[in-house]
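So the structure is just underneath, and the comments pick up after that.
Protein chains: 2
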Amino acid sequence: MTDTAAQAGELDVLCVGNSIVDVLAQTDDATLEKLDMVKGTMALIDADQAEALYAQMSAAIETSGGSAGNTAAGLASLNTKCAFIGRVRDDQLGDIFTHDIRSIGVEYATPAATDGPPTARCLILITPDAQRTMNTFLGASVNLGPEDIDEDLVARAKVTYLEGYLWDRDAAKAAFLRAAGLAAAKDRLVSLSLSDPFCVDRHRESFREFVTNHVDILFANEDEITSLYQVESFDDALQHVRADCRIAALTRSEKGSVLVSGDEVHVVDAEPVDSVVDTTGAGDQFAAGFLSGFTQGKELATCARIGGIAASEVIAHVGPRPQVKLADLVASRL
Amino acid sequence: MTDTAAQAGELDVLCVGNSIVDVLAQTDDATLEKLDMVKGTMALIDADQAEALYAQMSAAIETSGGSAGNTAAGLASLNTKCAFIGRVRDDQLGDIFTHDIRSIGVEYATPAATDGPPTARCLILITPDAQRTMNTFLGASVNLGPEDIDEDLVARAKVTYLEGYLWDRDAAKAAFLRAAGLAAAKDRLVSLSLSDPFCVDRHRESFREFVTNHVDILFANEDEITSLYQVESFDDALQHVRADCRIAALTRSEKGSVLVSGDEVHVVDAEPVDSVVDTTGAGDQFAAGFLSGFTQGKELATCARIGGIAASEVIAHVGPRPQVKLADLVASRL
């Protein structure tokens, strides 16, 4: 739970991203077919489609989601002080998002929009074979702009962490640049997750420019970093990013992670997992673990191990947020 | 084939190791049981045991073997000029070893011993399930000493490559130190393969001293390098070896390889293999590929890729030496 004293003090991480509520409900294959959905895929839908689909869904479970939101949840589970910036609308799902993320101890005060599209949601239909069919309506979250970047929050946070998915919209891009400028002015650090190889592909040049000029800590998986530099091998991408970024944390699924920071390079193995159930959120939790260690002043290799432990928890169950107290899990594994 | 002109010129690599003839024969499970052998293992045997076992084996295939010998064969297959130093006895298997290694184009002139134990052999019994049960008699190869290190060969070779297995005997250790001293005096490079984690375990301190003071290019797999530094994680070993060695090439099986040389670090993926049949000789061929590229002035990441290609060929079939012309394979893959 947040309290006034904590809100006034220093923050470890400020996360900026899409405010999305995940709405999960059971369904069957016949219903998916009737709704014209391709099982196992993610589709973007508009407001009307979202309302219509939600009306047809059975009793659902709602939980705050979104990439940077998941990272914030991981940070809270690691007892790392964090805040979140992202836009909801003043509607029912907006209330759920706000309540949910605050209740896990994340400081969240972005004012809800009083007009425009409703709160973003990802409507997830789960079939008996455990597959998830996702329909995302980005809604109010797409209107995040520079005015939403609270100068005081950026100044209080050791690291401001930005979700690359937002890069698709000009207003959000302007918000990122404002956050980066404010952080630099206060000697604070800027971190970016590349989020998605297709997103990188759409904005390669501006991403590269932002990475080179503003990012202190870059998170990317293998597909994203090879896309960023348009190279074929991981090692080629590694050589590029080493020259561009103060710290790069590159995740490689079962191959673990590679950390580079100037002369320092670490090759860290993946944590063992009995069985991989759902890889959604692995990158978000790696970032949470890494930043948790980093803001506590741990060595880079240890930060990567904490990231790996957090990721190993989330891929062992359905859902992109931790189901156990990550701080305890990390203490038992390190 | 070697010729006089080539022998007089510069060499790329001089390999120093055990001169072992592999003797392969088919057998059945009942025979293994009768001979009291544990299927799939390697045992050291003495001269009498070796003679008795050989007498009982069915029609066999003989081929020059040994770790550094396999590397020499790989280098020859890569059109890389190389020589080999290792001791045989003036007996039938010694003739086979000498003929065999010369016929593939490796310069080999270590005088055969005229007394002492017979030529080393590894008697390999292959059961119908494709398992190999090995019995190694080190014979004449254990008597390699400083006097066998030909000063002229060391001076002619860009790199002198030493097989760690020899480190078990004081005379061979003295031979290594002499080779390292001669190489250093001529501005030539010294390379060492750690060969085996148990060998590292037996001689950790002297290996470390040799690595720190004499080795320019170190080859080790994950078990060997973590044993050398008595650390648990690969990354910890990586940090140690980076400080100790001019170039370290660390092999990680399906995880590929990691190359470190001062500020330079490369993380190179393994080459794809349809099916792994027999991993014997993977490290030897990686070293061959790497040194082939290195002595041609290729970049470290390219050297590692050539090593990976050579290793991928040898693990796809039974036997520790290439079955295709590696130079052609590399040309088609790079």
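If you read the sequences in order, they're chains A and B. Using the working numbering, the letters of the first sequence map in sequence onto residues 1 to 334. Using the working numbering, the letters of the second sequence map in sequence onto residues 1001 to 1334. Don't be surprised by glycine CBs; every beta carbon is placed ideally from N, CA and C.
The contact set of Leu1032(B) on chain A, defined by CB atoms closer than 8 Å, is empty, because the minimum CB distance reaches about 35 Å. Nearest Cα to Gly105(A) within the set Gln92(A), Thr71(A) and Asp115(A): Thr71(A).
Rounded to the nearest whole angstrom, the C-alpha separation of Glu1033(B) and Ile1126(B) is 13 Å.
Phe198(A) is classed as exposed because its beta carbon has fewer than 16 other beta carbons within 10 Å across all chains shown. Sequence-distant partners of Thr110(A) (beyond 5 residues in either direction) whose C-beta falls short of 7 Å from its own C-beta, in its chain, are Ile85, Gly86, Arg87 and Asp148.
Three or more Cβ pairs closer than 8 Å define a contact, and the segment 1300 to 1310 of chain B meets that threshold against the segment 1266 to 1284 of chain B. Excluding five sequence positions before and after Val1231(B), the CB atoms of its chain that fall closer than 6 Å to its own CB belong to Ala1237, given in chain order. One alpha carbon belongs to Gly145(A), the other to Arg121(A), and they sit about 19 Å apart. The residue among Leu1189(B), Asp1187(B), Phe1219(B) and Ala1184(B) with its C-alpha nearest the C-alpha of Val1200(B) is Phe1219(B). Here Pro1128(B) is exposed, its C-beta having fewer than 16 other C-beta atoms within 10 Å. Along the segment 1220 to 1236 of chain B, going in chain order, the ones with a CB nearer than 9 Å to a CB of chain A are Ser1233, Phe1234, Asp1235 and Asp1236. For Gln92(A), the enclosing alpha helix (DSSP H) stretches over residues Gln92 to Ser103.
Boundaries of the beta strand (DSSP E) around Ser1261(B): Ser1257 to Ser1261. Taking every protein chain shown into account, the CB of Lys158(A) has 16 or more other CB atoms within 10 angstroms, so this residue is buried. For Lys255(A), the neighbours in chain B by C-beta distance under 7 Å run, in chain order, Lys1255.
Closest in alpha carbon position to Cys1303(B), among Ser1103(B), Pro1320(B) and Ser1261(B), is Ser1261(B).
With the rule of 3 Cβ pairs closer than 8 Å, the segment 1087 to 1097 of chain B does not count as touching the segment 1159 to 1167 of chain B.
Residue-level contact by beta carbon holds for His1266(B) and chain A, with a gap shorter than 7 Å. Among the residues of the segment 273 to 290 of chain A, none has a Cβ less than 7 Å away from any Cβ of chain B. The beta carbon of Ala1184(B) sits closer than 8 Å to those of Val1190 and His1214, all from its chain and outside the five residues before and after it, given in chain order. Taken through DSSP and simplified to helix, strand or coil, Thr279(A) comes out as coil.
Taking the CA atoms as reference points, Val1324(B) sits about 15 Å from Thr1080(B).
When the five nearest sequence neighbours on each side are left out, the beta carbons in the same chain lying within less than 6 Å of the beta carbon of Leu1153(B) are those of Leu1014 and Ala1083, in order along the chain. Ala1043(B) is bridged by DSSP to Asn1135(B). If the five residues before and after Thr279(A) are omitted, its C-beta is found closer than 6 Å to the C-beta atoms of Ile315, all from its own chain and listed in chain order. Annotated three-state conformation of Thr1119(B) is coil, per DSSP.
Using a 10 angstroms sphere on the CB of Thr41(A), the tally of other CB atoms stays under 16, which defines it as exposed. Ranked by how close their Cα comes to the Cα of Gly164(A), the residues Arg188(A), Gly181(A), Gly289(A) and Arg208(A) have Arg208(A) in first place. About 6 Å separates the CB atoms of Ala1249(B) and Ser1257(B); that is less than 8 Å, so the two are in contact. Between Gly1069(B) and Leu1326(B) a beta carbon distance of about 15 Å is seen, past the 8 Å cut, so the two are scored as non-contacting. Taking 7 Å as the cut-off, the beta carbon of Ala1112(B) is found no closer than this to the beta carbon of Gly1139(B). Listed in chain order, the non-local C-beta contacts of Arg242(A) below 6 Å within the same chain comprise Val260, local neighbours out to five positions each way being set aside. Residue nearest to Gly1065(B) within the set Asn1018(B), Ala1025(B) and Val1038(B) is Asn1018(B) (criterion: CA-CA distance). Interface residue (Cβ-Cβ distance to chain A less than 7 Å): Val1258(B) is classified as such.
Assignment of beta-bridge partners to Thr1063(B) by DSSP yields Asp1022(B). Residues Cys303 of the same chain have their beta carbon placed closer than 6 Å to that of Phe294(A), with the five preceding and five following residues left out of the count.
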